[in-house]
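Numbering (the UniProt record's numbering), first residue to last: 1 to 304. We put the CB at the ideal spot given by N, CA and C, even for glycine. Bear in mind the structure is a predicted one, so any value in this text is a computation, not a measurement. Below: the structure, in structure tokens.
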Amino acid sequence: MMTLRQIRHFIAVAETGSISAAAQTAFISQSTLTLAIQQLEEEIGVGLFNRHAKGMSLTHQGHQFLRQAHLILATVDNAKRSLQQSTDQVAGQLIIGVTSLVAGYYLADLLTRFQRAYPNVEIRVMEDERPYIEHLLVSGEIDVGVLILSNLEDRHALQTEVLTHSPHRLWLPAQHPLLEHDSINLADVAREPLIQLNVDEMDRNAHRMWSGAGLQPRITLKTASTEAVRSLVAAGLGVSIQPDMTYRPWSLEGDIIEARPIADLSQTLDVGLAWRRGTARPALVDPFLTVAREQPHGGRKPSI
């Protein structure tokens, strides 16, 4: 039978990327850890890791199981906490760093659930650009960050956990010719006038996406406003590729916005948590992590 110890060992390997590093973290032998992972894979009947010379990386099933593994441990922690201490007795201040796009489309639900669970904890939120949030995390000036994890630079100094993978879709105005296509590819999009969102390093993500596809898009307008993207697309002035978490099927003017998947685009926008690695983390970070894992924020799904 699967055990909590196996799940914890699996998470340790997934987060460190190697048996040796995970063994040091968990204070057990490499052989014990290797056996635990093998037994876990046999128990669930799928391979969780790709083994290679540089270490171990998660398979697709491994990524799925990692999310569930965190939820399992969060549920167990919650059960223990409910027996040991009322959350009303937990007090103090939690300082959270957040980037702008995440603040607009993800943060409110998370903070509402945490404040409901821990009413006597004072929450302070600092919104800034990702590099400065990283600096504050590493220096210990904030406790935890809620941000897009794709462009993190100080990965050796930060522990991270993805909370949601938000797939990208193509936003189009009503009656756009591409809506008649059975399948839409990036090459189809590259021929259209493109409206690009530049907030929260979305331009870097877009450059990485187009470079990987070997295509040059026709960018006709750049803006830091998601609402501007919505209005411009709805008005027929271009199309845009955006993460599902920001989707709403109408603009502020009430015009319809359609969203369609892009067949050859698998890149997701990964939103999650980051906190300082290697030192005892602030006491309120663990309760925050537990609440964040309990109810994943699903993001908005387009009507297709």
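| query | result |
| --- | --- |
| Keeping to the same chain, check which residues put their C-beta closer than 6 angstroms to that of S303; ignore five residues upstream and five downstream. | With a pLDDT of only 29 at S303, under the threshold of 50, the placement of this residue in the model should not be trusted; the figure read from the coordinates follows. Counting only Cβ-Cβ distances below 6 angstroms, and skipping sequence neighbours, we find P249. |
| So if DSSP puts Q159 in a beta bridge, which residue, or which two residues, is it bridged to? | W275 |
| Hey, could you find the ends of the beta strand (DSSP E) P249 is sitting in? | Premise fails: P249 is in no beta strand (DSSP E) and is neither H nor E. |
| I need the DSSP call for S20, collapsed to helix, strand or coil. | helix |
| Please state the DSSP three-state secondary structure of N78. | helix |
| Quick one: what's P243 bridged to in DSSP? | H168 |
| Classify L48 as buried or exposed, calling it buried when 16 or more other Cβ atoms lie within 10 Å of its own Cβ. | buried |
| Rounded to the nearest angstrom, what separates R5 and L265 at their Cα positions? | 37 angstroms |
| Give the list of continuous beta strand (DSSP E) stretches no shorter than 3 residues that lie fully inside the stretch 183 to 223. | 193 to 197 and 218 to 223 |
| Using a threshold of 8 angstroms, state whether the C-beta atoms of L178 and D188 are closer than that. | yes |
| Beta-carbon within less than 8 angstroms of H156's beta-carbon, same chain only, minus the 5 sequence neighbours each way: which residues are those? | R277 |
| Could you check if I44 is buried or exposed, using at least 16 other CB atoms within 10 Å of its CB as the buried criterion? | exposed |
| Whole angstroms is fine: what's the gap from R293's alpha carbon to I195's? | 34 angstroms |
| To which residues of the same chain is I142 closer than 8 angstroms at the C-beta, ignoring the five residues directly before and after it? | I95, I96, G97, M126, I133 and L136 |
| Under 8 angstroms between the Cβ atoms of V239 and E180? | no |
| Could you check the C-alpha separation between F10 and I72 for me, to the nearest Å? | 12 angstroms |
| Measure the Cβ-Cβ separation of L174 and E258 and say whether it is below 8 angstroms. | The displayed chain sequence assigns Ala, not Leu, to residue 174. Their beta carbons are under 8 angstroms apart, which means A174 touches E258 by this criterion. |
| Counting pairs of Cβ atoms below 8 angstroms between the stretch 101 to 108 and the stretch 62 to 69, do you hit three or more? | no |
| Between the Cα of Q216 and the Cα atoms of N120, I184, H176 and H207, which residue gives the shortest distance? | H207 |
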